[in-house]
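Quick note: the sequence shown uses the working numbering, first residue 369, plus one each step.
Notes for the one structure printed next.
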Amino acid sequence: MKTPLTVHEALIYAMVTTSAADHRMKPAEFAKLRALVDLLPVFSGFAGDTMTVANACIETLDRDHGLDTILEAIDLSLPAALKETAYALAVDIAAADVEVPQEELVFLQMMEDRFLIDKLVVAAIERSARIRFRRRPA
Numbered sequence: 369m370k371t372p373l374t375v376h377e378a379l380i381y382a383m384v385t386t387s388a389a390d391h392r393m394k395p396a397e398f399a400k401l402r403a404l405v406d407l408l409p410v411f412s413g414f415a416g417d418t419m420t421v422a423n424a425c426i427e428t429l430d431r432d433h434g435l436d437t438i439l440e441a442i443d444l445s446l447p448a449a450l451k452e453t454a455y456a457l458a459v460d461i462a463a464a465d466v467e468v469p470q471e472e473l474v475f476l477q478m479m480e481d482r483f484l485i486d487k488l489v490v491a492a493i494e495r496s497a498r499i500r501f502r503r504r505p506a
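Have a look at this one:
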C-alpha cells in the first residue's frame with residue numbers, strides 16, 4: 369500500500385474498511401459509497417476508479433496488521449478537518465443497510481479514538497445518520 373494516500377483515497381478507504389469490517393461488502397454499501405463519491409464536493413476532482421481504490425483497500429485489509437495499517441494511512445493522509453468527514457462517511461456506509469454489524473461498530477470506535485473526534489461531534493454524526501436512514505413506519 370502506498371503511503372500517504374491521496375485525500376480521496378483515504379476517504380474511500382475509510383468507507384471500504386467500514387463496509388468490509390464484517391468480512392463482506394454488501395451491494396447496498398458499495399452502491400452508497402459510489403453515490404457519495406459521485407455526489408459530494410469533497411470528492412471533486414477525483415479522477416480515479418472507485419473500484420480500483422476499493423480493491424487496493426481490501427488487499428491491504430487481508431494482510432497481517434492490515435486494519436492498523438489502514439487506520440494509520442488514513443490518519444497520516446487526511447488533514448484534521450477531514451477526519452470528521454471520514455468518520456461521517458464511514459457512518460453513512462454502516463447505516464446504508466440499516467442493520468449495523470458489531471464489527472462495523474468496532475471499526476467506527478477505532479476511527480473515533482484514532483482521530484480524536486469529539487464525543488459531541490460523534491453523537492451528532494451518528495444521530496443525523498439515524499435520521500437520514502430511518503425507514504418509513506408501516
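Beta carbons: idealized from backbone N, C-alpha and C, even for Gly.
Nothing here was measured: the structure is a model prediction, and the numbers come from that model.
At the C-beta level, Leu444 and Ile438 stay beyond 8 Å of one another. Assignment of Phe475 by DSSP, reduced to helix, strand and coil, places it in the helix class. Phe398 sits in a helix when the DSSP states are folded into three classes. The C-alpha of Glu377 is placed about 14 Å away from the C-alpha of Pro409.
Here the region 452–459 makes contact with the region 471–487; the two share three or more CB pairs at distances below 8 Å.
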